[in-house]
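Numbered per our numbering, the sequence shown finishes at 104, counting up by one with no gaps.
Note that the Cβ used here is the ideal one computed from N, Cα and C, for glycine as well.
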Amino acid sequence: VQLQASGGGLVQPGGSLRLSCAAPGIVFSIYSMAWYRQAPGKQRELVATITVGGSTNYADSLKGRFLISRDNAKKTAYLQMNSLKPEDTAVYYCNAVRPGPVNHWGQGTLVTVSS
């Protein structure tokens, strides 16, 4: 099962993007969802998580700029990214996890922040 990440692209510093992660092949409502990112030459890092119950958590450096959400009816998770900076440039991956543990990953979507 692969998740379908989309919404990446080229944006100017200070701009916004919303990433989507569609998960049609899983029982979406029982999975916690997360976004990770991997910048060139760096390790993958956790960006944000949202639990089955809707509780959210963010990397400290991103609090206040990024917002994770989910729509169980659409089987989709979102990452709203505001006030983007060049250092936010990375491939963004979505992840679905449930106890087991069972993990599913998306293919990644590239976000480039540049003028």
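Compare the C-beta of residue 16 against all C-beta atoms of chain C and say whether one is closer than 7 Å. This model lacks chain C altogether; it includes just one protein chain.
CA-CA distance, residue 14 and residue 90? Cα-Cα distance, rounded: 17 Å.
Quick one: give me the first and last residue of the beta strand (DSSP E) that residue 91 is part of. In the DSSP annotation of this structure, the continuous segment of the beta strand (DSSP E) that includes residue 91 starts and ends at 91 to 94.
CB contact flag (residue 57, residue 85, <7 Å): No, these two residues do not count as a Cβ contact at 7 Å.
Give the DSSP bridge partners of residue 65, in chain order. In the DSSP output, where bridge partners are listed per residue, residue 65 has 11 and 60.
How about residue 18 and residue 61: are their beta carbons less than 7 Å apart? Against a cut-off of 7 Å, the Cβ pair of residue 61 and residue 18 comes out as a contact.
Could you name the residues of the same chain whose beta carbon sits closer than 6 Å to that of residue 73, not counting the 5 residues immediately before and after it, in chain order? Counting only residues of its own chain and dropping the five nearest sequence neighbours on each side, residue 73 has a CB closer than 6 Å to the CB of 0, 4 and 102.
Could you give the first and the last residue of the continuous beta strand (DSSP E) run that contains residue 34? That run of the beta strand (DSSP E) goes 34 to 39.
Please report the residue range of the beta strand (DSSP E) in which residue 78 lies. Following the DSSP letters along the chain, one finds residue 78 in no beta strand (DSSP E), marked with neither H nor E.
Please classify residue 137: does DSSP put it in a helix, a strand, or coil? Only positions -10 to 104 of the chain appear in this structure, which leaves residue 137 out of reach.
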